[in-house]
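What the sequence shown shows, in the working numbering, is residues 20 to 347, in sequence order.
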Amino acid sequence: MPWIAFLLACVVTLGLASPPKASSEAAGATVPPRFEVVVLGRAQDGGLPHLGCERSCCVNARKSGRLETPACLGVRDLESGRLLLLEATPRIEHQVGLLHEIANSTGRPRRPGDGIMLTHAHIGHYAGLIQLGREVASTKATPVWATPRFCDFLRDNGPWSQLVELDQIDLNEISPGTTDGTIPPTTFEPLPGLRVDAFTVPHRDEFSDTVAYKLRGPAKTVLFCPDVDRWDAHDGLLEKLLEGVDVAYVDATFYDGRELPGRNILEVPHPPMVRTMELLEAAGRKTPGRVRFIHLNHTNPALNDPDLQAEIRARGFPVAEVGERVGI
Ligand SMILES: [Zn+2]
Ligand SMILES: [Zn+2]
Ligand SMILES: [Zn+2]
20 MPWIAFLLAC
30 VVTLGLASPP
40 KASSEAAGAT
50 VPPRFEVVVL
60 GRAQDGGLPH
70 LGCERSCCVN
80 ARKSGRLETP
90 ACLGVRDLES
100 GRLLLLEATP
110 RIEHQVGLLH
120 EIANSTGRPR
130 RPGDGIMLTH
140 AHIGHYAGLI
150 QLGREVASTK
160 ATPVWATPRF
170 CDFLRDNGPW
180 SQLVELDQID
190 LNEISPGTTD
200 GTIPPTTFEP
210 LPGLRVDAFT
220 VPHRDEFSDT
230 VAYKLRGPAK
240 TVLFCPDVDR
250 WDAHDGLLEK
260 LLEGVDVAYV
270 DATFYDGREL
280 PGRNILEVPH
290 PPMVRTMELL
300 EAAGRKTPGR
310 VRFIHLNHTN
320 PALNDPDLQA
330 EIRARGFPVA
340 EVGERVGI
């Protein structure tokens, strides 16, 4: 499996040799990290190659065997060895395998991880839960954290409801805050010592609402916001999400609209990468590498064009690499 070998090479070369640069605030911190956040996938829900796409992005990927899996982070407790997933993507088996390789974790029959935090009910973010069921892993009460609306959706609709009935997942309702500050989040600890705040963010909310997570370890704080509406439609949203954050993984579904011929980019409900970079230009120079792009659509040139990747990295905004790690 050449791509597995490639991904593991990324872990060593990108993750350990060049960890993301922290903010100046965190650079002075002396507290050692207790947890490691690992990027396990960086594509939009459908990944790459993308079902039904006959454009060069996916035709070339099919020919070369290139695989990009949906946006997903893993968290590893450096003391206890416990493992957490942010999202259960349709490629959960591949991503858990990568996390186990990185964590050097074996001997976990029927308990591929110690918990899963979910942002929202779009297929790239939760459909992998089905692999915890009796046809596959048949896990025992794997803790799952999600909003009350999302938990209700899982309890009330098959096939997810069977996971609850058979106690294969154990739902934990979170209380997200609002980014306008009117409702503070209730902090929870999916792993002892890992303090997490959820914030409701605007997105297409058919089956659940949508959250972004801030993960606070003793050393640093990481933001995970893979899907969100345009920044310009919501005053102060981007600033509030970045508040107190050392490394931010943010929605990079589309680059500048060239991927969507015939559609006005101002009407697309995602922040184009060019707009995020424009809004954060000064911050990109001051703290390069703090804001990192994730959840790239298969058509996004920043997923497929190394020259463009180098150009935006030079502006201080790297595209997340599978296998990169942040100690927090
Ligand atoms: Zn998505
Ligand atoms: Zn494609
Ligand atoms: Zn979504």
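Just so you know, even glycine gets a beta-carbon here, dropped at the ideal spot from N, CA and C.
Beta-carbon spacing of residue i, residue j below 8 angstroms
| i | j | result |
| --- | --- | --- |
| GLN63 | HIS222 | no |
| THR197 | PHE226 | no |
| THR229 | THR138 | yes |
| VAL115 | PRO131 | yes |
| VAL94 | ARG344 | no |
| ILE284 | PHE54 | no |
| VAL341 | GLY84 | no |
| TYR274 | VAL247 | no |
| GLN181 | GLY212 | no |
| LEU242 | LEU298 | no |
| ILE135 | THR166 | no |
| CYS76 | THR318 | yes |
| LYS233 | VAL215 | yes |
| LEU210 | ASP265 | no |
| LEU185 | TRP179 | no |
| PRO337 | GLY308 | yes |
| PRO237 | ARG277 | no |
| PRO52 | LEU104 | no |
| ILE121 | TRP164 | no |
| ARG311 | ALA329 | no |
Exposure of residue i, with buried meaning 16 or more beta-carbon neighbours within 10 Å
| i | result |
| --- | --- |
| VAL269 | buried |
| PRO291 | buried |
| ASN323 | buried |
| ILE142 | exposed |
| ASN350 | Nothing in the structure corresponds to residue 350, since the chain is present only between 20 and 347. |
| SER43 | Residue confidence for SER43 is low, a pLDDT of 41 falling below 50, so the modelled location carries little weight; the figure read from the coordinates is stated next. Classification for SER43: exposed. |
| PRO109 | buried |
| ARG101 | buried |
| HIS303 | For the sequence presented, residue 303 should be read as Gly rather than His. It counts as buried. |
| LYS82 | exposed |
| GLY4 | Here the chain has residues from 20 to 347 only, and residue 4 is not among them. |
| GLY281 | exposed |
| GLY335 | buried |
| THR295 | buried |
| PRO195 | buried |
| GLU357 | Shown here, the chain extends from 20 to 347; a query on residue 357 therefore has no answer. |
| ASN176 | exposed |
| PRO128 | exposed |
| VAL155 | exposed |
| ALA46 | In this prediction, ALA46 scores a pLDDT of 49, lower than 50, which makes its location untrustworthy; the coordinate-derived value is nonetheless stated afterwards. Looking at its Cβ environment, which holds fewer than 16 other Cβ atoms inside 10 Å, ALA46 is exposed. |
Backbone secondary structure at residue i - three-state DSSP
| i | result |
| --- | --- |
| ARG101 | coil |
| ALA333 | helix |
| SER42 | Low confidence applies here, because SER42 scores a pLDDT of 43, under 50, leaving its location unreliable; read the following figure in that light. DSSP places SER42 in coil when its eight states are reduced to three. |
| GLY143 | helix |
| GLU225 | coil |
| PRO325 | helix |
| LEU91 | Reading off the sequence, residue 91 comes out as Cys, not Leu. Looking at CYS91 - three-state DSSP - the assignment turns out to be strand. |
| ARG81 | helix |
| CYS76 | helix |
| VAL338 | strand |
| PRO346 | Position check: residue 346 holds Gly in this sequence, whereas Pro was assumed. Looking at GLY346 - three-state DSSP - the assignment turns out to be strand. |
| ASP199 | coil |
| PRO209 | strand |
| ALA217 | strand |
| LYS239 | coil |
| LEU234 | strand |
Q. In the region 246-319, which residue ranges form an unbroken alpha helix (DSSP H) of at least 4 residues, counting only runs that do not cross its ends?
A. DSSP runs (the alpha helix (DSSP H)) wholly in the region 246-319: 256-261, 292-298, 300-305.
Q. Are the region 173-190 and the region 205-216 in contact at 8 angstroms, needing three or more beta carbon pairs?
A. Remark: fewer than three beta-carbon pairs, one from each stretch, lie closer than 8 angstroms, so the region 173-190 and the region 205-216 are not flagged as touching.
Q) Counting pairs of beta carbons, one from the region 148-160 and one from the region 237-253, are three or more of them closer than 8 angstroms? A) Short answer: they don't touch.
Q.
Going residue by residue through the region 107-194, where are the continuous beta strand (DSSP E) segments of at least 3 residues, counting only ones entirely within it?
A. Within the region 107-194, the complete beta strand (DSSP E) segments of 3 residues or longer fall at 161-165, 188-192, listed in chain order.
Q) Which runs of the alpha helix (DSSP H) spanning at least 4 residues fall entirely within the region 46-70, listed in chain order? A) Listed in chain order, there is nothing to give.
Q: Would you be able to state if there are at least three C-beta pairs under 8 angstroms between the region 66-86 and the region 325-338?
A: The region 325-338 is not in contact with the region 66-86.
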